[in-house]
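**Q** Counting in this note's numbering, the sequence shown runs without a single skipped number right up to 500 at its last residue.
Backbone N, C-alpha and C define an ideal beta-carbon position, used for all residues, glycine too.
Note that the coordinates shown come from a computational prediction; the quantities given were computed from them, not determined experimentally.
Please see the structure below; I have some questions.
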Amino acid sequence: MAILRRTEKAMVRAMCGINLLDKKRAEDLREMLGMEVSVEQLAKANGMRWYGHVLRRDGDHALEFPVNGARKREQPKMTWKRQVEEEMQKVGLRKEDASNRVRWREGVRAVADGVRRIRPPP
């Protein structure tokens, strides 16, 4: 995600005609352009939306296959699935909510808006 953030900031500066020496904040430049959501938030929201499609599928899917091989003793690498599950937890979604498309859509929008929690399920 760091490369994505850096690239977004460079593109926003180029669109505004400002270079690094001007020392303008990326948030201020995004506001000048009328951009409400960052590319990073959109990428996370799109990943969650796709994850909802995968969870609604019948049968086995790629997220449930075992990974062969041994890992080092260090902390395991951040996987895409783990990152999406952390975003789900931040907005208060569970895997079971994927079958409720309205609730899942609210959660995806909350991730895109950078909101921490959505309303609890009824």
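Since residue 491 is in the alpha helix (DSSP H), which residue starts that stretch and which ends it?
**A** Residues 479 to 491.
**Q** Hey, out of 435, 459, 393, 468, whose CA is closest to residue 409's CA?
**A** The shortest Cα separation from residue 409 among 435, 459, 393, 468 belongs to 393.
**Q** To the nearest angstrom, how far is it from the Cα of residue 471 to the Cα of residue 418?
**A** Approximately 20 Å between the Cα atoms of the pair.
**Q** Mind reading off the beta-carbon distance from residue 413 to residue 462? Whole number of angstroms is fine, and I expect it under 8 Å.
**A** Actually they do not touch by this definition, with Cβ atoms about 24 Å apart.
**Q** Who are the Cβ neighbours of residue 359 in its own chain at under 7 Å, not counting the five residues just before and after it?
**A** There is no way to answer for residue 359, as the model of the chain reaches only from 379 to 500.
**Q** Taking the alpha-carbon of residue 339 as reference, which of 476, 452, 416 has the nearest alpha-carbon?
**A** The chain is shown from 379 up to 500; residue 339 falls before or after that span and cannot be answered.
**Q** Distance check for residue 400 and residue 430, CA to CA, integer angstroms please.
**A** Rounded to whole angstroms, residue 430 to residue 400 spans 42 Å at the Cα level.
**Q** Please determine, among 491, 479, 492, the residue with the shortest C-alpha to C-alpha distance to residue 428.
**A** Of the listed residues, the one whose Cα sits closest to residue 428 is 479.
**Q** Taking 7 Å as the cut-off, decide whether the C-beta atoms of residue 434 and residue 488 are in contact.
**A** Contact: no.
**Q** Leaving aside the five residues before and after residue 465 along the sequence, list all residues of the same chain whose C-beta is less than 7 Å from its C-beta, in chain order.
**A** The residues are 422, 426, 489.
**Q** The alpha helix (DSSP H) spanning residue 385 covers which residue range?
**A** Counting along the chain, the alpha helix (DSSP H) containing residue 385 begins and ends at 380 to 394.
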